[in-house]
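K.L.:
Below is the structure I would like to discuss, written out as structure tokens.
There are 2 protein chains.
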Amino acid sequence: MRSIGALGKATNTKVETIRYYERIGLLAPPQRTDGNYRTYDDEALARLSFIRRSRDLGFSLDQVRALLSLTDQGTQDCKTVDRIARDHMAEIERKIADLIALRHELSTMIESCGGGNISGCRIIEALSPFDN
Amino acid sequence: MRSIGALGKATNTKVETIRYYERIGLLAPPQRTDGNYRTYDDEALARLSFIRRSRDLGFSLDQVRALLSLTDQGTQDCKTVDRIARDHMAEIERKIADLIALRHELSTMIESCGGGNISGCRIIEALSPFDN
DNA sequence: ATGCTCCCTGTAGCAACTACAGGGTCAAGA
DNA sequence: TCTTGACCCTGTAGTTGCTACAGGGAGCAT
């Protein structure tokens, strides 16, 4: 059994975040000590580690919730898990593509500026709606 | 002069978003009709277009605010503009790198699953803290 | 007894909108 | 003239995923 602070250290999670996960129902309310302190067992540690790892991989809390409920049902519905992971992957692909397009536009814009001694700023011009 | 709805259509911006920009001081409060409707001139259209284009390029509202104040000062401080743009570019590079690393991790995880007929789900295992 | 670190609850803040609720305005058609 | 419908108004609360207090209590060392 460990305190919330110890759990936080073990999972690299802020105390407030753990309480937040409890509030939104991602973590079950743990047992309390006489002094009303939360105490966590190994299962809670495993669950929070799972949540954090999923979050690090970019899953939303809703997706994490879905993954957790699938693992909570003993029936390991691998197809659904696979679909969630693949959907997430597709979204990341989209984001990468968007950012690469953005980088291209930005770099074109910045190139045209060239250092800062031009009287009319090309970046501002590039952002402006009408050609001056 | 145009209504808020017309301005929204012209700049592909929701009416609520325009009012929000006004509330946070990004757009000046426009003139009103007798019936208390907002009316916008061409300058407002240009300003909102600038904002939207900057947002599309991923600048934060704070960055947009800085860019706008630089253009409002007649002195076109190209160096500052350039720095804002380059900082933003660097951040986008970071995001791209992060997402690509993520994609790699995710794809390894998904590959190992292979379709959904395994008894212990490999994705769940990959997310779990301990090897079962 | 005092200080220190930890813990508690509850609420408010962040970005950048979005979505109502509960009304007023205005132009066009019957 | 009346009414319908599309638009507009203000104000407030919701979204995501936390984070940061404020104002207290618990527990341990000196």
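So the protein lines, in turn, are chains A and B. Add 1362 to the 1-based position in the first sequence for the working numbering, that's all there is to it. Add 1362 to the 1-based position in the second sequence for the working numbering, that's all there is to it. Here a beta-carbon is modelled for each residue, glycine too, at the ideal position from N, C-alpha and C. Treat the numbers as computed from the prediction; the structure is a model and nothing was measured.
Given that B:M1363 touches chain A, what residues does it touch there, using C-beta distances under 9 Å?
P.N.:
In chain order: nothing, as chain A lies at least about 17 Å away.
K.L.:
If you run the structure through DSSP and keep just helix, strand and coil, what is B:T1401?
P.N.:
Here B:T1401 sits in strand by DSSP.
K.L.:
Okay, do the region 1438 to 1446 of chain A and the region 1420 to 1430 of chain A touch, 3+ Cβ pairs below 8 Å being the bar?
P.N.:
Counting Cβ pairs under 8 Å, three or more are found: they touch.
K.L.:
Please confirm if the region 1405 to 1423 of chain A is in contact with the region 1374 to 1394 of chain A, defined as three or more CB-CB distances below 8 Å between the two stretches.
P.N.:
With a cut-off of 8 Å, the region 1374 to 1394 of chain A and the region 1405 to 1423 of chain A count as touching, because enough Cβ pairs lie within range.
K.L.:
Measure how close the beta-carbons of A:I1485 and A:M1471 come, nearest whole angstrom, since I'm counting them as under 8 Å.
P.N.:
Contact flag correct, Cβ pair sits at about 6 Å.
K.L.:
Could you check whether B:P1391 and B:T1402 sit closer than 8 Å to each other, using their CB atoms as the reference points?
P.N.:
Looking at the sequence provided, one finds Tyr at residue 1402 of chain B rather than Thr. Going by C-beta atoms, B:Y1402 is not nearer than 8 Å to B:P1391.
K.L.:
Our contact map puts B:L1423 next to A:L1468 with C-beta atoms below 8 Å; I'd like the distance itself, whole angstroms only.
P.N.:
Not a contact, Cβ separation roughly 17 Å.
K.L.:
Name the chain B residues whose beta carbon is nearer than 7 Å to that of A:R1456?
P.N.:
Under the 7 Å cutoff, chain B gives no residues; its nearest Cβ is about 10 Å from A:R1456.
K.L.:
Pull up the DSSP beta-bridge partners for A:R1415, would you.
P.N.:
Paired residue(s): none; A:R1415 is not in a bridge.
K.L.:
Using a cut-off of 7 Å between C-beta atoms, extract the partners of A:E1467 located in chain B.
P.N.:
Per Cβ cutoff of 7 Å: L1419.
K.L.:
Could you give the distance in angstroms between the alpha-carbon of A:D1439 and the alpha-carbon of A:R1385?
P.N.:
Distance between the alpha carbons of A:D1439 and A:R1385 is about 27 Å.
K.L.:
Ignore the nearest five residues each way along the sequence and tell me which others in B:R1409's own chain have a CB closer than 7 Å to its CB.
P.N.:
Excluding sequence neighbours, B:R1409 sits near L1389.
K.L.:
What are the boundary residues of the alpha helix (DSSP H) that includes A:A1368?
P.N.:
A:A1368 -> alpha helix (DSSP H) spans I1366 to T1373.
K.L.:
From which residue to which residue does the alpha helix (DSSP H) around B:A1488 run?
P.N.:
First-last of the alpha helix (DSSP H) with B:A1488: R1484 to L1489.
K.L.:
Contact criterion: CB-CB distance below 8 Å. Does B:L1388 meet it with respect to chain A?
P.N.:
Judged by the 8 Å Cβ criterion, B:L1388 is not in contact with chain A.
K.L.:
Mind checking the region 1403 to 1434 of chain A against chain B and listing, in chain order, the residues whose C-beta falls within less than 8 Å of any C-beta there?
P.N.:
Listed by position along the chain: L1407, A1408, S1411, F1412, R1415, S1416, L1419, G1420, L1429, L1432 and T1433.
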